[in-house]
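K.L.:
This is the structure I have questions about; it appears just below.
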Amino acid sequence: MTTNHKCIPNQGFVSLVGAGPGDPDLLTVKGYRVIQQAEVVVYDRLVSEDILALANPNAEMIYVGKKLDFHCVPQDQINQILVEKALEGKRVVRLKGGDSFIFGRGGEELETLAERSIAYEVVPGITAAAGATAYAGIPLTHRDYAQSVQFITGHVQKDGREIEWSSLAQSNNTLVFYMGLKQSSHITRQLTAHGLDADIACAIIENGTRKEQRVFRGKLSELPTMALQAQSPALIVVGNVTQLHEKLHWFKQD
Ligand code: SAH
């Protein structure tokens with residue numbers, strides 16, 4: 001086991017675990033094992049019930065996600081919970097959807113633990129961009145269509161900074177926007193204003209890898225209309241690789 005070297009003996013331990021995008025079978029073997037061993041599980045909204053059910057029935061389950069019409073538990077408070085539970089000597093699992101280091105604030109939580117010299121490990125998860133596109137039959141790169149892929153947050157940046165649209169608007173690049181549904185008009189406007197063809201193919205993958213998965217396909221110019229029909233959690237994928245969905249889709253929901 002590799003941990004941060006500043007670890008103090010007899011303290012608790014925090015495993016930052018990525019639960020994957022939805023299908024519980026996409027949890028890693030390591031994630032599975034540490035969840036079963038946890039005394040405390042601090043989890044988010046996008047973690048599936050089946051994965052939570054793997055925890056020991058005696059484990060303390062702490063929900064810190066967003067509820068309908070309520071705000072998330074503030075990040076400082078989450079950090080505080082992790083610190084407190086670890087200082088009680090507990091084995092803590094911090095369980096997040098997808099991968100903790102991709103738009104998951106995993107880095108911020110680890111910074112707090114590192115500052116308090118609390119031992120931790122990171123168990124990577126399958127990020128939504130990888131999982132949802134795999135289940136939709138959309139390869140993120142393909143020699144005929146895309147030589148690069150970028151993951152972008154649709155959320156406005158912490159300091160209000162704009163995304164560098166000119167670096168994104170390349171036809172041989174696949175773009176995956178997380179949290180982008182509400183920003184779909186802005187995304188379309190900025191990409192076309194920076195030179196991307198409005199006819200380029202795009203897709204929205206809603207509830208990727210879950211039995212409720214839906215895939216919407218169209219042109220970039222149609223993205224805002226497509227977004228009106230889709231619900232969260234959803235990814236926007238822009239790029240000609242998305243055309244392959246028609247040919248390569250395989251996931252059959254029961
Ligand atoms: N850390 C996570 C992302 C958290 S941000 C990861 O690595 O996947 C939350 C956003 O992720 C959602 O708004 C949505 O854009 C995307 N997302 C998460 N799960 C998803 C799923 N099953 N299908 C489609 N998009 C998903």
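In the UniProt record's numbering, the protein residues as written are 1 to 254. From the three backbone atoms N, C-alpha and C, an ideal C-beta is built for every residue, glycine too.
1) When DSSP labels each residue in this structure, what does Ser15 get in the three-state scheme?
2) Going by other Cβ atoms of all chains shown within 10 Å of its Cβ, with 16 needed for buried, is Thr188 buried or exposed?
3) Taking 6 Å as the cut-off, is the CB of Pro233 close to at least one heavy atom of the ligand SAH?
4) Leaving out the 5 sequence neighbours to the left and right, which residues in its chain are closer than 6 Å to Gly104 when beta-carbon positions are compared?
5) Under 6 Å from any heavy atom of the ligand SAH, does the C-beta of Asp50 make it?
6) From the DSSP output, in three-state form, read off His186 for me.
7) Shortest alpha-carbon distance to Leu52 belongs to which of Asp76, Ile163, Asn79 and Leu27?
8) Kindly say whether Ile205, judged by its beta-carbon, lies nearer than 7 Å to any beta-carbon of chain C.
9) Once the 5 residues before and after Lys85 are set aside, which same chain residues still bring their CB inside 6 Å of it?
10) Could you spell out where the beta strand (DSSP E) holding Arg91 opens and where it closes?
11) Taking Ile62 as part of the beta strand (DSSP E), name the residues at either end of that continuous run.
12) When you compare the CB positions of Ala234 and Leu181, do they come within less than 7 Å of one another, or not?
13) To test your reading of the DSSP string, which unbroken beta strand (DSSP E) runs of 3 or more residues are found completely within the stretch 216-243?
14) Under the three-state reduction of DSSP, which class applies to Asn79: helix, strand or coil?
15) Cβ of Met179 within 6 Å of any heavy atom in the ligand SAH?
16) Starting from the Cα of Lys30, find the closest Cα among Ser48, Pro124, Ala114 and Gln80 and give me that residue.
17) Buried or exposed: where does Cys72 fall if 16 or more other Cβ atoms within 10 Å of its Cβ makes it buried?
18) Taking the alpha carbon of Lys247 as the point to measure from, which residue in Ala227, Leu191 and Tyr135 has its own alpha carbon closest?
19) Would you mind reading off the limits of the beta strand (DSSP E) that contains Val42?
20) Pick helix, strand or coil for Ala201, following the three-state DSSP scheme.
21) Evaluate His245 with the Cβ neighbour count: other Cβ atoms within 10 Å of its Cβ, from every protein chain shown; 16 or more gives buried, anything less gives exposed.
22) Report yes or no: do the stretch 209-221 and the stretch 107-119 share at least 3 C-beta pairs separated by less than 8 Å?
23) Rank Phe216, Asn173 and Glu162 by C-alpha distance to the C-alpha of Leu190 and give the top, closest one.
24) Would you say the beta carbon of Thr242 comes nearer than 6 Å to a heavy atom of the ligand SAH?
P.N.:
According to the data block:
1) In the structure shown, Ser15 falls within a strand segment according to DSSP collapsed to helix, strand and coil.
2) Here Thr188 is buried. Its C-beta has 16 or more other C-beta atoms within 10 Å.
3) Within the cutoff, so yes.
4) Within its own chain, the residues whose Cβ lies closer than 6 Å to the Cβ of Gly104, once the five positions on either side in sequence are excluded, are Lys96, listed in chain order.
5) Flag unset: Cβ of Asp50 not near the ligand SAH.
6) In the three-state DSSP reduction, His186 falls in the helix class (H, G or I).
7) Among Asp76, Ile163, Asn79 and Leu27, the Cα nearest to that of Leu52 is on Leu27.
8) The chain labelled as chain C is not found in the depicted structure, where only one protein chain is given.
9) For Lys85, where only same-chain residues beyond five positions count, the Cβ hits under 6 Å are Val40 and Val92.
10) Residue range Arg91 to Lys96 is occupied by the beta strand (DSSP E) that includes Arg91.
11) Per DSSP, Ile62 belongs to the beta strand (DSSP E) from Glu60 to Tyr63.
12) Yes, these two residues count as a Cβ contact at 7 Å.
13) Within the stretch 216-243, the complete beta strand (DSSP E) runs of at least 3 residues are 234-238.
14) Three-state DSSP puts Asn79 in a helix.
15) Answer for Met179: yes, Cβ within range of the ligand SAH.
16) For the residues Ser48, Pro124, Ala114 and Gln80, the minimum Cα distance to Lys30 belongs to Pro124.
17) Taking all protein chains shown into account, Cys72 has fewer than 16 neighbouring C-beta atoms within 10 Å of its C-beta and is therefore exposed.
18) Ranked by how close their Cα comes to the Cα of Lys247, the residues Ala227, Leu191 and Tyr135 have Tyr135 in first place.
19) Residues Val40 to Tyr43.
20) If DSSP states are grouped into helix, strand and coil, Ala201 belongs with the strands.
21) Buried is the call here.
22) No contact exists between the stretch 209-221 and the stretch 107-119.
23) First, the amino acid is wrong: residue 190 is Gln here, not Leu. Checking every option, the nearest Cα to that of Gln190 belongs to Glu162.
24) Not one heavy atom of the ligand SAH is found less than 6 Å from the C-beta of Thr242.
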